Amino acid sequence: MSILNRVESLAGMLLIVGVMGCSVTTLPIQEAISVNITSSGVREIQAAISVFQNGKLVPRLADNVFEHSPILLVEYGNVKDEDGKLLDGRHGRLPEAYQLQIRGENCGVYYQKSDKFVRLYKVTCQKYK
């Protein structure tokens with residue numbers, strides 16, 4: 027076998043190994059609900075939402091957040107004009123939606139607008155239906 031053939035064979039094997047090494051493994055994503063959530067778990071979810079909102083304060087969440095539904099909608103207060111009159115919905119901000127998910131073995135909150143997932147360590151998740 028000539029040196030050129032050996033180099034070509036080696037290059038072909040390295041290419042195959044490189045492609046196999048770079049393959050992306052996707053974890054199964056499942057909607058989830060929280061189980062027996064604690065106050066520290068609620069604070070952790072608030073911190074995750076704050077990350078999605080670039081550090082802005084997050085409204086207080088219910089003590090049973092995500093226990094009945096994998097989706098959390100956060101609505102903002104009514105918008106008023108300078109005279110204190112309520113403006114119609116066109117002037118308000120749309121609700122933000124967050125989803126509790128299980129990815130592989132990890133429980134976390136997903137925010138679709140930024141396509142970000144924040145893992146939670148103090149919340150126990152269970153597959154939703």
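Numbering (this note's numbering), first residue to last: 27 to 155. Glycine residues also receive a C-beta, built at the ideal position from the N, C-alpha and C atoms. These figures come from a predicted structure and were not determined experimentally.
Please identify the residue among the options whose C-alpha is closest to the C-alpha of residue i.
i	options	result
Leu138	Leu146, Ile63, Glu108 and Pro121	Residue 138 is actually Gln in this sequence, not Leu. Nearest of Leu146, Ile63, Glu108 and Pro121 to Gln138, Cα basis: Pro121.
Ile59	Asp107, Glu101 and Asn132	Asn132
Tyr156	Leu53, Val100 and Gly67	No statement about residue 156 is possible, as the shown extent of the chain runs from 27 to 155 and does not include it.
Arg86	Pro96, Ser65 and Asn80	Ser65
Ile128	Gly67, Lys153 and Gly81	Lys153
Asn80	Lys142, Leu126 and Ser95	Lys142
Cys151	Leu53, Val61 and Thr52	Val61
Val91	Leu112, Lys106, Leu126 and Lys155	Leu126
Ser95	Glu57, Gln72, Gly110 and Lys82	Glu57
Lys155	Glu93, Lys82 and Ser140	Glu93
Throw me the rounded Cβ distance for the residue i and residue j pair, which I believe falls under 8 Å.
i	j	result
Val135	Ala74	4 Å
Ile55	Val149	Incorrect: roughly 16 Å between the Cβ atoms, too far for contact.
Hey, would you say residue i sits closer than 9 Å to residue j, going by beta carbons?
i	j	result
Val144	Val77	yes
Lys106	Leu112	yes
Leu53	Gly110	no
Cutting at 6 Å between CB atoms, please list the residues of its own chain near residue i, excluding the five before and the five after it.
i	result
Leu146	Glu70, Cys133 and Gly134
Gly67	Lys148 and Val149
Exercise for review: Let me know the beta strand (DSSP E) ranges lying completely inside the stretch 55-87, each 3 residues or longer, listed in chain order.
Suggested key: Runs of the beta strand (DSSP E) inside the stretch 55-87: 55-60.
Check your understanding: Which ranges does the beta strand (DSSP E) cover as unbroken runs of at least 3 residues, wholly within the stretch 105-155, from first to last along the chain?
Key -> Counting only runs of 3 or more, we get 122-129, 132-137, 142-146 and 151-153.
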